[in-house]
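Worksheet: one structure, shown below.
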Amino acid sequence: MLKMYDFAAIERKWQSRWERDRLYRTADAPETRKYYSMEMLPYPSGDLHVGHAKNYAFGDAVARMMRMLGYNVLHPMGWDAFGLPAENAAIDRGIDPAVWTTENILNMRRQIRLMGTSYDWSREIATCEPEFYRWNQWLFLRLFERGLAYKREAPVNWCPHDRTVLANEQVIDGRCWRCEHLVERRNLSQWFLRITAYADRLVADLDRLGGWPERTRTMQRNWIGRSEGVAVTFAVEGLDVPIEVFTTRADTIYGATFLAVAPEHRIVQSLRAIVSADRAVAIDRFVKELSSKSELERTSLMEKQGVFTGAYAIHPLSRERVPIWLGNYVLAEYGGGALMGVPAHDERDFDFATKHGIPIVQVILPESAAAATPFDKPFVEDGRLIASAEFSEMSSVRAREAIAARLAAMGAGEPRVTYKLRDWLISRQRYWGTPIPIVYCEACGEVAVPDEELPILLPPRERATGEGSPLGSICAFVNTTCPKCGGPARRETDTMDTFFESSWYFLRYLDPHNDRQPWDPQRAAQWMPVDQYIGGAEHAVLHLLYSRFFYKFFHDEGWVTGSDEPFERLFHQGLVLRDGDKMSKSRGNVVGIDETAERYGVDAMRLFLMYVTPPEETSNWTDAGISGRVRLLNRIWRACERHFDEKPTAGPMPAAETDAEKALLRAVHVVAKSAIDETMTPRFHYNTTIAKLDELVNLMTAAAPQPASPALRYGVQMLPILIAPFAPHIAEELWERLGNETSVHLQRYPEPDARALTVEEITLVVQVNGKVRARIPAPAGVGEEEALALALADPNVRAHIDGKELRKRIYVPDKLLNLVA
RNA sequence: GCCCAGAUGGCGGAAUUGGUAGACGCGCUGGUUUCAGGUACCAGUGGUGGCAACACCGUGGGGGUUCGAGUCCCUUUCUGGGCACCA
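Heads up: take any position in the first sequence, counting from 1, add 228, and you land on our numbering.
This is the structure:
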């Protein structure tokens, strides 16, 4: 590949010039319309490949477009710098995680700068720095004060490989989201954040997030899993403690032929005491067998197992005796850990009853069916009630209300909303994270560290073994005094989930050097919400849900105003594949940024990533593809080169003399219109914009008007502005060589001019019976009768009409005439 | 199993509200420049038939609505993503 222009020198030159001139510093200028544009902050894993580059190329193009459209754009970058890979690398290689992280940040910052991105680096943050994580601790204490952070013992997900617990959101198909090892179940005392207190708002407000992809909203909705139903109380024979179950199908209550209780349910020990010795033994055996099984093993992988406790409950409406079972498919943490089994109308209950010989009683009939018929699978839809006392003949919908009302009147039930969402477990038994600011005092118990003692610094690590509690083994850290009574106390030795810091970092960018507050609420009022957030879809229910929770809390505290949603619009970019495979070191198919920049130049790389596919699609990296973009840049250079010695002619659009000039002026404005439309829609399909740019360059080179043509000189002057958001370096160099003095990136993007965009001549498509028979040039705005005359003058059209009578005529102005004969 | 998105030349992909299918690029073919290769430039490039004008076929398969369907409806296959004992 011959280099027509020296991209390496140009890219180097402008990157340092922009930095010297602080071109991309953002001022807090409240008088200008703001635009907060952000890409998800990266984990500093070491090296960037073109998959990352795609994300930054689009984010940067959007930020540059908005600047050139006159917005005050905030476009920051930072590092999600706490986390396991650093710690694991430290254990493997015997280096300090801080050193490993810092080195990676240095390299990745270099690569992101190499891409010619327009970040305001004066706002850069790294979450592992005490200046940042002290505010993690501060926010934790505020949550603690409000009762939104609490410690409790609970069955939790334990990843044996990463040697730490995980939040539910971080377990994918029963496996650790990072290392993919099967998680185990342990009972541990851990810190939780009460995200469930916000469940209702988190699900309700999804409806307002019109700028989010529908599938992301659906995933969050499913994850929160809001269900409306009834909590029903069943009295237990021989016991004064009742069992409460949750059901969304109160209409099926007369079909309840058993109760199933989770083995962890508190009532199990009471039941055990009132049943026969052999039942007690069976209960013990069942509970013990399941105690070590993970939720995945118990629910998805195992068959429905259970054991009859020997005890009976009393049906609140029919007063019949209902046997109480323990079941492995009953989740301890949902719906109170107990359910009423209605085998005729629930798949799972049906399986369980069939397996254990429990009676199946049909109480709902399909609307169409006349009478109860034998069946081999449960009927789970709504229908009409039978065998349900005075509720018989009612529809399911009516019966649900009537039965709920009856139960409520009897004091045996109440309406209840239940969520699948559980509280967010944030304790991690690892070193490289934010220490949780709590001490344990023998006299005072759990005590919050006072604000003025923050930050609790992460102590230097003497030796990393990967065994035991990392902070727990550092005596100087653990042993402290109680802030309340001054007596001896021990520090909490767990660190925080790194999703804690990524749930609010976007606020720190607004005020990154503030040492009195995490951010100034006035700055938040000015800049929030984030107007456009760009990042991978893999965080649909992790980071994006936690951030919404935090932001609602901040809003309730008055630290942010306006909307209580942090991200106005959200965009997920697609992956970049190589040879149809995901890029990975083990496959050896990683396309690195450094090599690509060196071979083809950064502008070509950015152009290719935006051109090859719409941003949301998965794109495939090809060397042939990028050389096409190098070619385009060369042709752009040559188109401008002939005009380097001319004086700048930037000014109003000149009048076009010839058809070629008209076409050229039109092409300029077609590009501008496309770029603006794609930015504002906001669809970001710059692939179509760049295709139109190709067409413009074709016009400027192939069928170029005379070099002296004012239209051509106008096109040449506009070209660097048009490409500035996409190929910022060559744009700047051409702009300078064409005799301009202020940066091309400070120019206004051209307003699409209606005069340039209108066409004077159209192609009239003439169809006969719906088939195209002629394409006739005609003046724009041609009337129907003139169009008909033109069509009938065409020999091919006449041949197809062939003397037949015209029965119908459809005329689409400036487009098409269809003659039906 | 359930829900969502998608399927367009050899390839990546274009195509407001139904109105010229295949823009643009890659690849390929022929030509010009060159000692040659590459680069660059010019022309061609959905399939079939035809010297040509042109005709027929063509947006995963089948059916429908319409003057007209890549676009709307029904049905089916495949691909990608999500959910999957949440009572």
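No residue lacks a Cβ here, since even glycine has one placed at the ideal position from N, Cα and C.
*asked:* I'd like to check one pair, L685 with P663: are the Cβ atoms closer than 9 angstroms?
replied: yes
*For the candidate residues E621, M266, I586 and V327, whose alpha-carbon lies nearest to that of P192?*
The structure shown does not extend to residue 192, since the chain is modelled only from 229 through 1049, so no value can be given for it.
_Option nearest I423 by Cα separation, candidates E442, Y378 and E412_ = Y378
_Supposed close pair E352, M296 - CB separation, criterion 8 angstroms_ = About 24 angstroms separates the two Cβ atoms, so there is no contact after all.
*Please state if the CB of N1046 and the CB of N968 are separated by a distance shorter than 9 angstroms.*
no
*Can you give, in chain order, each stretch of the alpha helix (DSSP H) that sits fully within the region 950 to 1000 and has at least 4 residues?*
956 to 965 and 982 to 985
*Within the same chain, show all residues whose beta-carbon is closer than 7 angstroms to that of R806, passing over the 5 residues directly before and after it, in chain order.*
N817, V819 and W849
*Could you check what DSSP says for F872 in three-state terms: helix, strand or coil?*
coil
*asked:* I'd like the list of long-range same chain contacts for M294, defined as Cβ closer than 8 angstroms, with 5 residues on each side in sequence excluded.
replied: Y263, S265, V301 and T907
_Residues that DSSP places opposite V758 in a beta bridge_ = F795
*the ligand GDP heavy atoms versus the CB of A1008: any closer than 8 angstroms?*
In the structure shown, the ligand GDP is absent, as is every other ligand, since no ligand is present at all.
*Where R245 falls, given that 16 or more other Cβ within 10 Å makes a residue buried*: exposed
*If you run the structure through DSSP and keep just helix, strand and coil, what is T907?*
helix
_Give me the DSSP bridge partner(s) of T886._
According to DSSP, T886 bridges with nothing at all.
*asked:* Rounding to the nearest angstrom, what Cα-Cα distance links P948 and D348 in this structure?
replied: 23 angstroms
_Limits of the alpha helix (DSSP H) - the one that Q590 falls within_ = Careful: Q590 lies outside any alpha helix (DSSP H) and carries neither H nor E.
_For a test of the three-state rule: what should DSSP assign to L371, helix, strand or coil?_
helix
*Put V515 into one of helix, strand or coil per three-state DSSP.*
helix
_Residue from G569, R436 and R547 with nearest C-alpha to L554_ = G569
*Return the chain-ordered list of same chain residues with a C-beta closer than 8 angstroms to the C-beta of I340, the five sequence neighbours on each side being excluded.*
L276, Y284, M305 and Y347
*Taking P698 as the reference, give the member of P571, R477 and N316 with the closest Cα.*
N316
_Length of the line joining the Cα atoms of D320 and E247_ = 38 angstroms
*Can you give me the Cβ contacts of D981 inside the same chain, cut-off strictly under 7 angstroms, excluding the 5 residues immediately before and after it?*
M881 and H897
_Looking at the secondary structure, which residues open and close the alpha helix (DSSP H) in which R338 lies?_
P325 to L342
*Alpha carbon of T721 to alpha carbon of V591, nearest angstrom*: 55 angstroms
_Distance between V469 and L653 (C-alpha atoms, nearest Å)_ = 31 angstroms
*Whole angstroms is fine: what's the gap from E561's alpha carbon to D512's?*
20 angstroms
*Once you ignore the five residues that flank W732 on each side, which residues in its own chain have a CB closer than 6 angstroms to its CB?*
F778
*Sort out for me which residues DSSP pairs Y668 with in a bridge.*
E674 and R718
*Please go through the same chain and pick out, in chain order, the residues whose beta-carbon is closer than 8 angstroms to the beta-carbon of D234, but skip the five residues on each side of it.*
none
*asked:* Just verifying my parser: in three-state terms, what is the DSSP assignment at M881?
replied: coil
*Can the beta-carbon of P272 be found less than 9 angstroms from the beta-carbon of A309?*
yes
*Would you mind working out which of V1000, T986 and Q945 sits nearest G1009, comparing C-alpha positions?*
T986
*Terminal residues of the continuous alpha helix (DSSP H) containing V290?*
V278 to M296
*Compute the Euclidean distance between the alpha carbons of A617 and D610, then round it to the nearest angstrom.*
18 angstroms
*Rounded separation between E642 and T475 - CA only*: 11 angstroms
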